[in-house]
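Chains as they are written, first to last, in the numbering used here: chain A, 19 to 139; chain B, 62 to 395.
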């Protein structure tokens, strides 16, 4: 195998590795040391259903796909309330889950928006 | 050239199709529900409705026997009172207009500031509020127990004649759930009767969903999103902000979006009853309200012509289904 051929193969391997890494990242499944990001959507009146299982230290990236502003707040398992300010249409905001437990995600503006999330350790 | 023409034609067809589909989506957003919702813990029954209606119109629910629920939520005023300042609130620093109780079966947050989360919870508030009916539930239960005519009504509603706070609240809530707007000309138009509303009102509907962006908050068949917004009125009342952590700036001066169905002819409108004609209301939204950190992000200034304002008002008037055919009941004798 010529050196040029080897370089070509190494380059190909690098591209494949990079693509696999990007793919895993997009799916929220990267290596143990990398933060896990779960994508979520917010409509005018609800959080869209999610299929992932969140764990402590994961990050939620929530996109406001509605045409109105929201003001999301999260009630922690111990009752602590964390406000995430205001989310304008099209904006994506993040929140990192501090620990396992049951959380409630709500909107100050639209009380009808309410989702419960169980986080595993 | 032929290919280009075909592509343009296809685009035009798709565009028209999308426009029609969009129009249908808008109309379908306003379809009336088929049934009145009720919690499993307090299902709708005829007997409970009868009891609730009797209680609703009975002034003996107030301490001085001078005010019933219907005094301020009157069938003659679309179940409100037509007053800028409600009876008994004259001395309050920040009085709020009496909201209608029509279509309240669908509400998830009641009162202007949302401090009650169910009709059952809300029902006892006016009875026990000092500047309203100024009574307490313990004494009310005793008083109703002494009115013999109530015993068969409670028995029919609950299986026995026991009177307690929970049963009073459940009956009042049940009756209020039955107060649903009549079918209006707008509803007939939504169902496909193209002649049900004028072309002016149809233009108003387009403005409502388009340029004026009213539908950002006045959504659904009830024309409310049951949510809370500061619309920039010159009022010191903090509204929902009184009960929400102060750092939640967006809730300062925020009040619940009221329904636009069955609006009284001359108002008053807004939570503080500060406007008495719809043109003034529309102009307020055109101006965008007072700029402050809590101002709703949906408050975006725009400008309408005189004709467009008239179209918008013509549309709002199509939401009026007329007064409900509810006659005051014969009150039980002592």
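From the three backbone atoms N, C-alpha and C, an ideal C-beta is built for every residue, glycine too.
_Within a Cβ cutoff of 7 Å, which residues of the same chain sit near residue 400 of chain B, ignoring the five residues on either side of it in sequence?_
Residue 400 of chain B lies beyond the range of chain B shown here (62 to 395); nothing can be said about it.
*For the region 345–364 of chain B, which residues have a CB atom closer than 9 Å to at least one CB atom of chain A, in sequence order?*
Taking a C-beta cut-off of 9 Å against chain A, the contacting residues of the region 345–364 of chain B are 357, 358, 359, listed in chain order.
*Presumed contact (8 Å Cβ cut-off) between residue 207 of chain B and residue 215 of chain B, rounded CB distance*: So it is not a contact: roughly 13 Å between Cβ atoms.
*Name the two residues that bound the continuous beta strand (DSSP E) containing residue 58 of chain A.*
55–60
*Please name the residues in the region 97–130 of chain A whose beta-carbon is closer than 7 Å to at least one beta-carbon of chain B, in chain order.*
101, 104, 106, 126, 127, 128, 129, 130
_Buried/exposed call for residue 108 of chain A, threshold 16 Cβ in 10 Å_ = With fewer than 16 other Cβ atoms from the protein chains shown falling within 10 Å of its own Cβ, residue 108 of chain A counts as exposed.
*Please list the partners that residue 133 of chain A has in chain B, where partner means a Cβ-to-Cβ separation under 7 Å.*
Within chain B, no C-beta atom comes less than 7 Å from the C-beta of residue 133 of chain A; the nearest is roughly 15 Å away.
*Per DSSP, which residues does residue 121 of chain A bridge with? Please list them.*
A/135
*What is the rounded straight-line gap between the Cα of residue 344 of chain B and the Cα of residue 119 of chain A?*
Residue 344 of chain B and residue 119 of chain A: Cα-Cα distance of roughly 49 Å.
*Three-way DSSP call (helix, strand, coil) for residue 284 of chain B in this model*: coil
*Is residue 300 of chain B helix, strand or coil when you go by DSSP?*
strand
*Per DSSP, which one or two residues make a beta bridge with residue 141 of chain B?*
B/135
*Kindly say whether residue 216 of chain B, judged by its beta-carbon, lies nearer than 9 Å to any beta-carbon of chain A.*
no
*Pull out every residue of the region 154–185 of chain B whose Cβ sits closer than 9 Å to any Cβ of chain A, in chain order.*
169, 170, 175, 178
*Can you find a C-beta in chain B that's less than 9 Å from the C-beta of residue 94 of chain A?*
Judged by the 9 Å Cβ criterion, residue 94 of chain A is not in contact with chain B.
*Would you report the Cα separation of residue 159 of chain B and residue 80 of chain A, rounded to the nearest angstrom?*
Going by the C-alpha atoms only, they are around 38 Å apart.
*Closest to residue 69 of chain A by CA distance: which of A/61, A/77, A/57 is it?*
Cα-wise, what sits closest to residue 69 of chain A is A/57.
*For the candidate residues B/96, B/210, B/168, whose alpha-carbon lies nearest to that of residue 393 of chain B?*
B/210
*Under the rule that 16 or more other beta-carbon atoms within 10 Å means buried, what is residue 309 of chain B, buried or exposed?*
buried
*Out of curiosity, what's the CA-to-CA distance linking residue 200 of chain B and residue 395 of chain B?*
16 Å
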